[in-house]
Amino acid sequence: MKQYIWFDGEFVEFEKAKVHVLTHSLQYGSGIFEGIRAYQTDKGPAIFRLDDHLKRFFNSAKIYSIKMPFSEGEIRKAIIETMIKNKLEEAYIRPFAFYNDANIGLDVTGKKVSVIVATVPLKTYFKNKDKGISCKISSWHRINSLILPPMAKASGNYINSIIASLEAKGSGADEAILTSVEGYVAEGAAENIFMVKDGLLITPSREADILLGITRDSIIKIAQNLGIETIERNIHKEELYTCDELFFAGTAAEITPIKSVDGRVIGEGKPGPITKTISDKYFDIVHGRDILFKDWLTYVKN
Ligand SMILES: Cc1ncc(COP(=O)(O)O)c(C=O)c1O
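Residue numbers (our numbering): -13 to 288.
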């Protein structure tokens, strides 16, 4: 099936959606983006928390003073139309806004901003997701808002994630956990983190320089609904070593159990009961099997 990318209001064949090698955002990482998933349901594909992702997309643009050439409503429509055009049952959706200008120089004044929407098939993000993955606490700290705004989902921010991930993989682990410059646990390279200790669910708060994940927010609300108390607070790295359960949460990673950190086995080294309960509920919701959270789904076709 031929695939298309929505590019500044037009559908362009996937292979033909190209820019110049000197493009500002390619050279300097000055773009902003989102990662959204659409899941299969009984009523066709449904996009998970589309409006929350759109809000964050436009907030990222605002933080970086990127003048968006399209409204939130127009991008929303573009996302739905791209899903329909590409006829995908499940997809990872990537809206991206960038300076589409090949003149060398940092100054963005007057530079053209382009927006694309791509949809790609994406099953599991981590190979050993179901059994749990191994993590390494990175020697690289998470960016903080004295340096770059961690709450914006900006391309350049991800150099921080990439270097930490490379270090983790180089030492044989599956993923990095970054700490804030204060030394508290922040998040994975592209995932928020939750730990379970004595029946409580604990996750770093925004003060730990995290990206405020939409999956993170969903899990907090799901846990509340399940009667699991959630606390947002600073976490010391040694608390991770001694917790009962640990998992990542993110659009791409979904809910990924963590079986070890820096060689220390977490709990019994396999997904724990609270992780499993939350994960089962999450998958019921995204697949439209839980009516309580039905407002989180935008059906592509009615
Ligand atoms: C750095 C970072 N933290 C957390 C997340 C999780 O955010 P969300 O659940 O909105 O995908 C992501 C993924 O987008 C990320 O890149």
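By construction, the Cβ of each residue, glycine as well, lies at the ideal position given by its N, Cα and C atoms.
{"query": "Nearest-angstrom Cβ-Cβ length linking Y(-10) and E(-1), presumed shorter than 8 Å", "result": "6 Å"}
{"query": "Straight-line Cα distance separating Q26 from H273", "result": "6 Å"}
{"query": "Length of the line joining the Cα atoms of A159 and S120", "result": "5 Å"}
{"query": "Strand pairing of N143, partner residues [DSSP]", "result": "According to DSSP, N143 bridges with nothing at all."}
{"query": "Cα-Cα separation, N220 to T189", "result": "8 Å"}
{"query": "Alpha-carbon to alpha-carbon, I22 and I49", "result": "20 Å"}
{"query": "According to DSSP, residues forming a beta bridge with I102", "result": "F(-7) and F82"}
{"query": "Sufficient close CB pairs (3 or more, under 8 Å) joining the region 175 to 189 to the region 231 to 248", "result": "yes"}
{"query": "Neighbourhood of D203 by C-beta, 8 Å cutoff - its chain only, sequence neighbours within 5 removed", "result": "D38"}
{"query": "Beta carbon of A175 nearer than 8 Å to that of I196", "result": "no"}
{"query": "Closest by C-alpha distance to G156, when choosing among D184, I206, N143 and I123", "result": "I123"}
{"query": "Cβ-based burial, R275 [other Cβ within 10 Å; buried from 16]", "result": "exposed"}
{"query": "Sufficient close CB pairs (3 or more, under 8 Å) joining the region 256 to 267 to the region 134 to 151", "result": "no"}
{"query": "Whether A194 touches S166 by CB criterion (8 Å)", "result": "yes"}
{"query": "Coil, strand or helix - V272 by DSSP", "result": "helix"}
{"query": "Reference K63; option with closest CA among E168, I271, I102 and E76", "result": "I102"}
{"query": "Straight-line Cα distance separating G(-5) from F82", "result": "13 Å"}
{"query": "Proximity test, I196 beta-carbon vs ligand 1 heavy atom, cut-off 7 Å", "result": "yes"}
{"query": "Cα-Cα separation between K223 and K245, rounded to whole angstroms", "result": "15 Å"}
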